[in-house]
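Below is one structure, written out as structure tokens; comments come after it.
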Amino acid sequence: MWVFFLSACAGGAAVLYVLYSWLIPAAVQYNASLALLWHDVIVERVLDRITGSTRPQRLLRAVQKKATQGDPQSVIATIDHFCRHSEWAMNVQLVEGPSGDLIPQMKELFGVQTFDFVFLDHWKDRYLPDTKLLEECGLLRKGTVLLADNVICPGTPEYLEYIRSSPRYESRYFKSHLEYTKVEDGLEKSVFLG
Ligand SMILES: C[S@@+](CC[C@H](N)C(=O)[O-])C[C@H]1O[C@@H](n2cnc3c(N)ncnc32)[C@H](O)[C@@H]1O
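Each residue of the sequence shown is one higher than the one before, starting from 155 at the first, in my numbering.
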């Protein structure tokens, strides 16, 4: 009885393993909707549940374990390997529209709770209102990094004034040049303190 039960379990596990590792991934190669469903809905949710972690966290762990520190090429190769052989990770989700309209909808439409990193490189007069909007919408957490480009040229004086004087940020300027010139420009890195 026990022998039968154990061999049935082993057989079932073997079938599931073959399905999960080879058959389904091979079958979804030819259909974009099935591929999205399999990778982005089924596999991701199951692994999130089983491991108690998110896909970005699993990717980060793979990089920490396998890539060589200080070697960007090895980091990229590890990410590539993870995406091809372990889990399918798309690098970006492109969202089109005015930032002032999209920021308030980030939670509702895309499930974004808070940002780890925000790169500000759009119209310069939007840096300050969009930063305040990110704050109001609760999209910044302790440690969120805002990196603002071109803070000198064309320049964002109101943004710099705000971010440097606010006790909610720790801010630092990184001097650079406007591309292909010797004109000073720079980036402002600001860490949200909560
Ligand atoms: C200087 S480009 C930089 C784009 C990108 N970061 C890069 O390096 O290629 C600025 C872009 O931001 C877009 N943009 C400006 N203001 C925006 C806003 N309020 N909402 C969304 N996009 C905006 C512009 O249309 C333009 O494509």
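For each residue, glycine too, the CB sits at the ideal point set by N, CA and C.
Please state if the CB of L332 and the CB of C307 are separated by a distance shorter than 7 Å. Yes, they are a contact pair.
If you draw a straight line from the C-alpha of V217 to the C-alpha of M155, how long is it? Going by the C-alpha atoms only, they are around 46 Å apart.
Touching by the beta-carbon criterion (3+ pairs, under 8 Å), the segment 197 to 217 and the segment 246 to 253: When C-beta atoms of the segment 197 to 217 are compared with those of the segment 246 to 253, fewer than three pairs fall below 8 Å, so the two segments do not count as touching.
Using DSSP with H/G/I as helix, E/B as strand and the rest coil, what is L332? In the three-state scheme derived from DSSP, where H, G and I count as helix and E and B as strand, L332 is classed as coil.
For G254, I'd like the list of residues in its chain whose CB is within less than 8 Å of its CB, leaving aside the five on either flank, ordered along the chain. The residues are R280, P283, D284, L287.
Please report the straight-line C-alpha distance between A162 and Y184, rounded to a whole angstrom. The C-alpha of A162 lies about 32 Å from the C-alpha of Y184.
Kindly provide the chain-ordered list of residues whose Cβ lies closer than 5 Å to any non-hydrogen atom of ligand 1. Residues whose Cβ lies closer than 5 Å to any heavy atom of ligand 1, listed in chain order: P252, S253, D275, H276, W277, R280.
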